[in-house]
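*Asks:* Pasting in a structure now, in C-alpha cells, and then I'll have a few things to ask.
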Amino acid sequence: MTASIPTCRLLARCLRNGQPRFKGICVRKHDYQPLTSIAVRTISTSRPRNESFARQHATGKIDMSWVFPYPTVGSEEGLNELNDYCKEVKQYILDNVNSKILDHTGIISDEIMQGLKDLGLFALKVPKTFGGKGLSNLEYYRLLETLSLDSSIVEVIHAHQVPGLQGLMQFGNGDQHDKYLRQLASGKLIATVALEEKASGSDIAAISCKAHLSEDGKHWILNGEKEWVVNGGRANLFTVFAKTEVVDLNDQVVEKTTAFLVEKSFGGISTDATNTTGLKAANICTVKFEDTQVPVQNVLGEVGFGFEIAVSVINSKRLSMGPMMAGQLHRAINDVTEITSQRKRFGMRVSDCELAQEKIFNMTLDTYLLESMVYMTAGQMDKIDKDGNPEDCSIEAAIVKVFSSKIGWSSFAEYFQLVGLDSCDGGFPYQRLLQDFQVSSILKGSDEVLKLYIGLGCLQHAAKVMEDRIRAAKAGGFREKWTAMWDVSRIQIRILQNKATVIPHPSFGLKGESQTKTWLDKRLNNMGRMIESLTDSYAKRVFEVLREHGKGLKNEQVIVGRLAEVAINLYGLICVLARCNKSQILALRNADHEMLLAFAITKRLYKETHMILDLIGPLKIHGHADAQKKAGREVATERRYLPSHPLEVAHRHEEHPKYLEQKNKILELTN
Amino acid sequence: MQLPKACEAVCCKFFRLLQPLCKPIVGNKVLVQHNGAQVFKRSINTTQVTWQRLQKESTENEIDDESEIVAKDLEPIDSSLDIEEDASLLEHYINKAKHDLGSFEDIEYMDVFDPNKKLYYKMVDLWLKEAGETRRGHREFIVTVMHAMSRFNVESDISAYTKLLDCFPQGEHTGLKRDHWFLAAFKDKIADHLLGDKLIRLIAENGAIPNEELHNKTTDLFGKFSPTTFAARSILFWYGRLVSFNKYPMSVSDFKQLSPIEVAFYGLRQINPGLDGNYQCFPVDKTKCTEILDAGKIDSIISVQTPEQQTLLAKHDPMVPIFIEGPNLCYFREKTVQYYVMRTDPRNKEPDTASKSHILATKDWWTDFYKTDWKTDKKFQKDSGKLYSSEWLFPTIHCDKNLSSKSEIERDICQIEKDTEAVEGPVYAIACTDYNSPAALQGWIKGLVQTNKKLALCSVVFREEKSFMLNAPTTDPTEIDIHDPNFLEDAGFQ
Chain G
143 MTASIPTCRL
153 LARCLRNGQP
163 RFKGICVRKH
173 DYQPLTSIAV
183 RTISTSRPRN
193 ESFARQHATG
203 KIDMSWVFPY
213 PTVGSEEGLN
223 ELNDYCKEVK
233 QYILDNVNSK
243 ILDHTGIISD
253 EIMQGLKDLG
263 LFALKVPKTF
273 GGKGLSNLEY
283 YRLLETLSLD
293 SSIVEVIHAH
303 QVPGLQGLMQ
313 FGNGDQHDKY
323 LRQLASGKLI
333 ATVALEEKAS
343 GSDIAAISCK
353 AHLSEDGKHW
363 ILNGEKEWVV
373 NGGRANLFTV
383 FAKTEVVDLN
393 DQVVEKTTAF
403 LVEKSFGGIS
413 TDATNTTGLK
423 AANICTVKFE
433 DTQVPVQNVL
443 GEVGFGFEIA
453 VSVINSKRLS
463 MGPMMAGQLH
473 RAINDVTEIT
483 SQRKRFGMRV
493 SDCELAQEKI
503 FNMTLDTYLL
513 ESMVYMTAGQ
523 MDKIDKDGNP
533 EDCSIEAAIV
543 KVFSSKIGWS
553 SFAEYFQLVG
563 LDSCDGGFPY
573 QRLLQDFQVS
583 SILKGSDEVL
593 KLYIGLGCLQ
603 HAAKVMEDRI
613 RAAKAGGFRE
623 KWTAMWDVSR
633 IQIRILQNKA
643 TVIPHPSFGL
653 KGESQTKTWL
663 DKRLNNMGRM
673 IESLTDSYAK
683 RVFEVLREHG
693 KGLKNEQVIV
703 GRLAEVAINL
713 YGLICVLARC
723 NKSQILALRN
733 ADHEMLLAFA
743 ITKRLYKETH
753 MILDLIGPLK
763 IHGHADAQKK
773 AGREVATERR
783 YLPSHPLEVA
793 HRHEEHPKYL
803 EQKNKILELT
813 N
Chain C
129 MQLPKACEAV
139 CCKFFRLLQP
149 LCKPIVGNKV
159 LVQHNGAQVF
169 KRSINTTQVT
179 WQRLQKESTE
189 NEIDDESEIV
199 AKDLEPIDSS
209 LDIEEDASLL
219 EHYINKAKHD
229 LGSFEDIEYM
239 DVFDPNKKLY
249 YKMVDLWLKE
259 AGETRRGHRE
269 FIVTVMHAMS
279 RFNVESDISA
289 YTKLLDCFPQ
299 GEHTGLKRDH
309 WFLAAFKDKI
319 ADHLLGDKLI
329 RLIAENGAIP
339 NEELHNKTTD
349 LFGKFSPTTF
359 AARSILFWYG
369 RLVSFNKYPM
379 SVSDFKQLSP
389 IEVAFYGLRQ
399 INPGLDGNYQ
409 CFPVDKTKCT
419 EILDAGKIDS
429 IISVQTPEQQ
439 TLLAKHDPMV
449 PIFIEGPNLC
459 YFREKTVQYY
469 VMRTDPRNKE
479 PDTASKSHIL
489 ATKDWWTDFY
499 KTDWKTDKKF
509 QKDSGKLYSS
519 EWLFPTIHCD
529 KNLSSKSEIE
539 RDICQIEKDT
549 EAVEGPVYAI
559 ACTDYNSPAA
569 LQGWIKGLVQ
579 TNKKLALCSV
589 VFREEKSFML
599 NAPTTDPTEI
609 DIHDPNFLED
619 AGFQ
C-alpha cells in the first residue's frame, strides 16, 4: 500500500501536465556514468569565470541550469556502491574507534590508521589512473558525512585529500604526479598543507616564511615556522608556502609567494604538537623549517605565482565544514528525540511539549537547509566547462562555511538545552561536540573575512554588469535617463506581448509565457514567487549601493557584510527549493514533511532577508549604522568598556525636586 | 535714624534687604578690633533679636520689585574685606577646633582620615554652632575659608563645598530665594548669590566632582532661578562631558603631589597621544654638559615614541637630515614642561621617471604586438599590470571613479592656493628635559639608537627655536621707565 502511493502521485502528475513535466527529473549525461569513471566528465556549461551562481543573484539572475535538476549521483549502481561503502566505513568506525580514548591520548593509533588505509580512505580523491578511487566531490562529501562520527578522523582524512592534494593535482606537473600520487593513494605518504602563521592568520599574503636559491641553483633553502598544521606529526609531504624574491618590471625586486612540495626526508623539519581544546587527536602541530633543502623540481607551478595556489587551497578546504556539521546534527536530532521522549516532567513527556518541539523543529530546519546547500555546492563543483576548468565555486563554498558555523552555535545550544543538566557534568559527547566545532570552525577561515569575500565577490560581478545602467542614470540628461528606463522596461513589455524569446530573469517561468512550462511543482509556485521577488529587491539594493558608493564600497564593510548575509540566505532558499522540488516530483519518502520544512524556511528567511535589506537601505530610520560605527570606533580606540558603572556616583533621587514633584503627582492620581 | 511713621514700613523692607549685607561687616569689625570671641558672641546675640523682629514685620508686607533699587547700593565683597583681619578670624577657629578635636561629636568624621580635612569639618561645625540660626558674618567666613581651601587639602572634596553651603542662612524667610522666573528677570545682584556663584566656580576650577546634593542645596537656598543654581546646574551638565573630553582627569590635590618627572610624563602623554607609546628615561652625561640646573628641574631626558613613529623613522632616507627643535613650552595647569621635537622636513615630490628613462620604440612595439614583457617574455597580469599578480585576497570592484554619487562632491573642490601643501615633516620622537644645550640632548639620541638602528646612519641637526614665551621680557612691567628712550632694549625686546 505504502509503495503504491508515490507511484500513483507520479502517474497523476504525468497525466495532468504532460511530458515537459519530466524535464525536472532529467539527469545530466555524466550522471549515468559508473562510479569508476567519474574523473572523466562531460561538458555541461560554458560560463566565463567569476560569474558563478551566487554572484549572479546580485544582478537579479537565477541560473536555471543550477537549480534544475538538483545534483545526484549518476546511476543506481553507483549510488548503491557508494551506500555500501559508507556502511562499511561506518561499521569500521563504530567497531574500532573509541573517540573517548582518542581524545584522552590525543593520538590516532597505528592500527586504526592502517585500518583506514586498508579501507582506501586515503585514496578517495586520487584519480583512478594513479591507483586511487577517483570519487567526485558529491561522493566524497557524502563519505565525509559518514566519517563525522569522529571529527578528528574527518580532519585528518580531509587534510590529506583536499587541501593536501589540491595544489599537487591542480598545479603540479606530470613528473610530480608520477612521483607522489601513487604513494599518496596507498597511504605511504600522508599529505598536508602548511600555510598559516602566527603573525598572519587568514591574511595569506602576509606570510613571513622565506626561501632562497642555493649557490649551485639546485635547491631552494626554506626557513620559517608554520602553525595549525593538521596531522603535522604524521604527515610526510607538506605543501609549504613561502616568500621568494623575484624581479618585476623595471628591475624592481619584490617578494612573492611560491608553493613547494616538501618531503619530511629533506631534513631540517621539526614538529611540535599544539595542545588544542578540540580536535585533540587530529595532531595539530607547529612545524619549523630550518634550512630545509627543497629540490628545484619540487616547486609547484611557477616561482612567484604561489598566491593563486594558496587561494585555491583555502577555498577547497572550506566545504568540509558543511557535511561534518550535517552528520553531527543528524545524530543530535535522533539522540535528542530519544532522550526527550523518555523523560517525563509535569505529568507529560518532554517531547510532547510544544516549546520542546519548537527547539527540535529549529534544529531540523537548520539541518535541512545546510544539507541542501552542501550537496548542491558539491554537485556543482563536479561540473567542467569547455576549457576543461572546473566550475568556480569558491563563493558558494564560503557561503556554506559561514552558514554552518552560524547554525552550529545555535543548534548545539538548543541541543544542550533539551538534554538538560546531563550535558553539563563534563558529559563526553556534549563537551566534545562543542570543542571540536569551535576549533574546526576557526581553522577554516574566520567568518568575517569570508563574509567580506562573499560580499565583494558578488559586488564585483554586479558592478561589471550594472555599470552601463549606473552611468546612464548618472548622466543627468533626460534623454539618457529615459533610455536607461526604456532598456529595463522593454524586456517586460515584450513578455506581456508574448513575443519574448528568452525567459527574463529572475524567473522560474512562473509569470510571463506559460505556467505549464515551469519545472516547479505546482505546490512550490508560491515559494518560487517569493524567491523571485526577494532576488529582485536584492538586485535593486545592490544597484542603489553601487550608485551611492561605487568603488568606495571596499571600505564600507558593514554594508558588504550585510549584503553577504543576504546572499547566504538567498542561496540557501534556492537550494531548498531545488531539493524540495526534486523530492516532490520523484515522490520520495516523507516528501510532505520536506514540503512543510521548505515552507517554514522560505517564510522565515524571506522576512529575515527583507529586514537585512532594510538596514542597508537609503532610509536611515531603519538602522543604527551610524551609531554602530561611531560607538564601535570609540570602544576600539579607547580599548576598554566605556560606560560608567551604574553605581559610580551617589544619586540621591529622593531629594531631587523633580522627583518629588512627580511623586506627588502620582500620589494625587492614585488617591 | 529718625523717620516718620508712614515711612517705617518701607524702611523696614529696606533694612531687611540691606541687613544681610551690612550687619555682618559691622560685626566683623567689632570682632577684629577687640580680638576676642566673647565680644563677638555678644554682638550676635544682640543682632539676633532685631533680626527676628524684622522678620515678623516683613512677613506682613509683601515685597515686589524693590530689589532692583537696592542692588545699586551694594558694594562688591572683596573690596570690603581685609585679608589680614580674616586670617586672624580663621586662626581663631582653627585653634579652637584643634583644641576640641578629640570630642565625641567627631564620630561624624570617622571616614575622613586626613587630619587636615578633619580639622576643616570640625572648624566649620564650630563656626555653625557659634553663629546660630542667623549665621551672622557668614559671607566673611565663607570667603576666608574659600581662600584657605588648599591649606586643609580639601580642594577636590565636594563635601567640603556643600558644608560651606550650610554656612548660608537656612530656611524659608531669608529673602535669598529666587523661585520665580519673574524675579530672575531683574538680575538683582544679591551678594549671597554672587558669593555662591564664586563658590561654584571654585569647585569647577579645583576639579571637585559635582553631585546631586550640590544642586539640591543650591535650589533650596537660592531658588531655582538664581545665578548660583544656574552655575550649579551648568557644572553638573558639563562636568561629565569635560571629563570624557579630557580623558585623563586629575584632581588638584593629586596634581600637587606629582614629581617633575611625572608631570613630564603626563605632559608627554597629552602631546604625543597613543596607548602604545614607549616611554623611556635616558641619563645625561654631566661631564660634557656645562649647565647646572636648579633642584626641582628634570636632569634626565624623558622620551616618548609610538610604534608608528618608529616605523616612520625606519623608513627615513639617511641622506635627509633629522632636526631636533626646541625648546618649546607646554603649560600643564600652573606647571610648565619644556620639550623638544625630533622631526624632519616634508619629502619633496619625486621627479618624473618618464623624463629620466628613454623608451625604446622596439619595446613599445613588442609589448603592443605580443602583449608580453620585452625582457622576460612573460605575460602581464590583469590585476596589477605587472609581471606578478598583486597578492590581494578580496575581489576588487572595478567601477568608474566618478560614477558613485559621493564622488560628485569631491569633484567640485579645486585648489586655489597651495595651502594644503605639507609644511611639517613627520615627527619621530618627543622628549622632555630642562637642559637647553645640544650636549645634553646627545644622551637622547644615544638612547634612541638602541631601538632605532636607522638613526645611527642619519645626521641629526640641533635647531634652536625658542618659543615666544621664553623670549618674553623677564622684568616686571611695572618697573619699566617708559620715559627712558632705551626701555624696550632694557626689558629684553630686540
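Same order as they appear, the protein sequences are chains G and C. Under the working numbering, the letters of the first sequence match residues 143 to 813, in that order. Under the working numbering, the letters of the second sequence match residues 129 to 622, in that order. Even glycine gets a Cβ: it sits at the ideal position worked out from N, Cα and C.
(1) Answer yes or no: does any C-beta atom of chain C fall closer than 8 angstroms to that of Ala347 of chain G?
(2) Going by DSSP, name the residue or residues bridged to Gly454 of chain C.
(3) At 7 angstroms on the CB atoms, spell out the chain G contacts of Phe522 of chain C, in chain order.
(4) Taking only the alpha-carbon atoms, compute the straight-line gap between Thr346 of chain C and Asp316 of chain C and give it to the nearest angstrom.
(5) So does the region 236 to 247 of chain C actually touch the region 294 to 308 of chain C, counting three or more Cβ pairs closer than 8 angstroms?
(6) My assumption, with CB atoms under 8 angstroms, is that Cys560 of chain C sits in contact with Ile426 of chain C. Please give the rounded CB distance.
(7) Could you tell me the distance, in whole angstroms, from the CA atom of Ala520 of chain G to the CA atom of Lys528 of chain G?
(8) Quick one: does Tyr516 of chain C have its CB under 8 angstroms from some CB of chain G?
(9) Leaving aside the five residues before and after Ser241 of chain G along the sequence, list all residues of the same chain whose C-beta is less than 6 angstroms from its C-beta, in chain order.
(10) I need the DSSP call for Glu432 of chain G, collapsed to helix, strand or coil.
(11) Grouping DSSP H, G and I as helix and E and B as strand, with all else coil, what is Thr184 of chain G?
(12) Using a beta-carbon distance below 8 angstroms, is Lys529 of chain C in contact with chain G?
(13) Check whether the region 298 to 308 of chain G touches the region 473 to 491 of chain G, taking contact to mean three or more Cβ pairs, one atom from each stretch, closer than 8 angstroms.
(14) Determine the DSSP secondary structure at Lys503 of chain C, reduced to helix, strand or coil.
(15) Residues bridged to Thr334 of chain G by DSSP?
(16) Determine, using beta carbons only, whether His308 of chain C comes closer than 8 angstroms to chain G.
(17) Just checking, does the region 266 to 286 of chain C make contact with the region 323 to 340 of chain C on the three C-beta pairs under 8 angstroms criterion?
(18) Could you tell me which residues DSSP puts in a beta bridge with Thr464 of chain C?
(19) What is the DSSP secondary structure of Trp362 of chain G, reduced to helix, strand or coil?
(20) Nearest by alpha-carbon distance to Thr341 of chain G: which of G:Val335, G:Ile716 and G:Ser350 is it?
(21) Among C:Ala319, C:Lys463, C:Leu323 and C:Trp366, which has the Cα closest to the Cα of Leu386 of chain C?
(22) Can you tell me whether DSSP reads Ser293 of chain G as helix, strand or coil?
(23) With which residues is Thr386 of chain G paired in a DSSP beta bridge?
(24) Does the beta-carbon of Cys168 of chain G have 16 or more other beta-carbons within 10 angstroms, so that it is buried, or is it exposed?
(25) For the candidate residues G:Ala778, G:Val542, G:Val561 and G:Leu592, whose alpha-carbon lies nearest to that of Tyr713 of chain G?
(26) Does any C-beta atom of chain G lie closer than 8 angstroms to the C-beta of Ile573 of chain C?
(27) Taking only beta-carbon positions, decide if Ser533 of chain C is within less than 8 angstroms of chain G.
(28) State the CB to CB distance for the pair Asn378 of chain G and Lys406 of chain G, rounded to an integer number of angstroms; the pair is presumed to be in contact (CB under 8 angstroms).
(29) According to the neighbour-count rule (16 or more other Cβ atoms, all chains shown, within 10 Å of its Cβ), is Arg284 of chain G buried or exposed?
(30) Could you name the residues of the region 675 to 690 of chain G whose beta carbon sits closer than 8 angstroms to any beta carbon of chain C, in the order they occur along the chain?
(31) Which residues share a DSSP beta bridge with Met490 of chain G?
(32) For Ile673 of chain G, count neighbouring Cβ atoms within 10 angstroms of its own Cβ and tell me buried if that reaches 16, exposed if not.
(33) Does the beta carbon of Asp413 of chain C come closer than 8 angstroms to any beta carbon on chain G?
(34) Just the chain G side, please: which residues come within less than 9 angstroms of Leu327 of chain C by C-beta, in chain order?
(35) Could you tell me which uninterrupted alpha helix (DSSP H) segments, each at least 4 residues in length, are contained entirely in the region 234 to 276 of chain G, listed from first to last along the chain?
(36) Less than 8 angstroms between CB atoms is the rule here; does Tyr407 of chain C satisfy it with respect to chain G?
*Replies:* This is what the structure gives:
(1) yes
(2) C:Glu592
(3) Leu594, Tyr595 and Leu598
(4) 17 angstroms
(5) no
(6) 6 angstroms
(7) 19 angstroms
(8) yes
(9) Asp292
(10) strand
(11) Bear in mind that the predicted position of Thr184 of chain G carries a pLDDT of just 32, short of 50, making it unreliable; the figure below should be weighed with that in mind. Correct three-state label for Thr184 of chain G: coil.
(12) yes
(13) no
(14) coil
(15) G:Phe380
(16) no
(17) yes
(18) C:Tyr459
(19) strand
(20) Here residue 341 of chain G is Ala; the residue named in the question, Thr, does not match the sequence. The option with the nearest alpha carbon to Ala341 of chain G is G:Ser350.
(21) C:Lys463
(22) helix
(23) G:Lys398
(24) Only weak support is given to the placement of Cys168 of chain G: the predicted model assigns it a pLDDT of 35, under 50, and the question is left unresolved by the model.
(25) G:Val542
(26) no
(27) yes
(28) 5 angstroms
(29) buried
(30) Leu688, Arg689 and Glu690
(31) G:Arg487
(32) buried
(33) no
(34) What Leu327 of chain C touches in chain G: nothing, since even the nearest Cβ is about 20 angstroms away.
(35) 241 to 247 and 252 to 260
(36) no
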